[in-house]
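Student: Position 45 (the sequence shown) corresponds to 45 in UniProt numbering; numbering is contiguous. Have a look at the structure that comes next, please.
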Amino acid sequence: MARGGRKGNDGGVSFFAFQDIITAVIGILVLITLILALEIREKPPEEGNQSVAPSPVEIDEHDENNGTDFKALIAAQKITNTEFEHFVLQQVEELEEQIDSIRLVVVNLEKLIEEMESTVDSPLAEKLKQAIEALENQLSFTKNNISELEKEKKGLLDQLDSNPMAFMDEDEKETYVERLMNDIEQLEEQIQNDVRVIPEKTNTPLKPVLVSVSANELSIGEFNQEQTTTPFNRNTFVREIMR
């Protein structure tokens, strides 16, 4: 404010100082309006035309179809995860740009409020107080907008973190896929080898016992109660019992 410091012979503030302040206030309010209207919040998509992030491909490990091509499903999952990561990171980048723009407005508003408060003892004090109050209300709204954008950004990052392959490089993804394939094969083998013995109901006070024997585990316990599970090796089980 080049002319804001000029005073009359009686020590008061000249009309030019007030004119500079009003011009600055109008400029800041116009800037805020443009940013809030054009940049900060995009118009939400209409119902039925919403842009939705691609969801990771899910593999049903209990599918009874033994002919399922798990490798093809995992390959499709890798492609979908890449698209998902790109989508979320793009949304986060746009949010960060909006937050930076709003923070710049906050800095300008706070600076303008300080300059106006420094002239509060002038004959124009009442009008300046009204202008300061309007700016402080706008400042509060802008800070709340930043808080909402930060929450939206955090939600997107949490969504990205929930995807185990989101930040993996190619080698890590390959290792993860191989481990997933091994888990699927072990699960299929366990399903095929899982044998359960359930005694029939009798009119005795004895409680039925459930025994479950799989390829590498032995579980035993009362029927419909918690089971106790221990490692089991069919090749050495008899020898270990004989000890």
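Built from N, CA and C at the ideal position, the CB exists for glycine as well. Since the model is a prediction, treat every value here as computed from it, not as a measurement.
How many angstroms separate the CA atom of I74 from the CA atom of Q186?
Tutor: 17 Å
Student: According to DSSP, what are the bridge partners of T228?
Tutor: Its beta-bridge partners are I220.
Student: Between the alpha carbons of S140 and K151, how many angstroms are there, rounded?
Tutor: 17 Å
Student: Return the CA-CA distance between D158 and N137, expressed in angstroms with no decimal places.
Tutor: Cα-Cα distance, rounded: 32 Å.
Student: Are the beta-carbon atoms of T142 and V107 separated by less than 8 Å?
Tutor: no
Student: I'd like the list of long-range same chain contacts for L206, defined as Cβ closer than 6 Å, with 5 residues on each side in sequence excluded.
Tutor: none
Student: For E172 and chain B, any beta-carbon pair shorter than 8 Å?
Tutor: In summary, chain B is missing from the structure at hand, where a single protein chain is found.
Student: D183 by DSSP, collapsed to three states: which one?
Tutor: helix
Student: If you measure between the beta carbons of Q98 and L149, is that distance less than 8 Å?
Tutor: yes
Student: Exposed or buried, which one is A131 when buried takes at least 16 other CB atoms within 10 Å?
Tutor: buried
Student: Just verifying my parser: in three-state terms, what is the DSSP assignment at D169?
Tutor: coil
Student: So, at 8 Å on beta carbons, what are the nonlocal neighbours of I220 in its own chain, with the 5 sequence-adjacent residues on each side left out?
Tutor: Take I220, set aside five residues on each side of it, and the residues of its chain with a beta-carbon closer than 8 Å to its own are V209, L210, V211, S212, Q227, T228, in chain order.
Student: Check L206 in the structure and name its three-state DSSP category.
Tutor: coil
Student: For E96 and K154, what's the separation of their Cα atoms in angstroms?
Tutor: Taking the straight line from one Cα to the other gives about 11 Å.
Student: Distance, Cα to Cα, T175 vs S147?
Tutor: 39 Å
Student: Restricting to Cα atoms, I'd like to know which of E94, N81, L218 is closest to P231.
Tutor: L218
Student: If I'm right that K173 touches K78 with Cβ under 8 Å, what's the distance once you round it to whole angstroms?
Tutor: Your pair K173 and K78 checks out as a contact, with CB atoms roughly 6 Å apart and the cut at 8 Å.
Student: What's the gap between the Cα of T80 and the Cα of F87?
Tutor: 10 Å
Student: Classify N182 as buried or exposed, calling it buried when 16 or more other Cβ atoms lie within 10 Å of its own Cβ.
Tutor: exposed
Student: Looking only at C-alpha atoms, which of A76, E170, E133, V177 sits nearest to L109?
Tutor: E133
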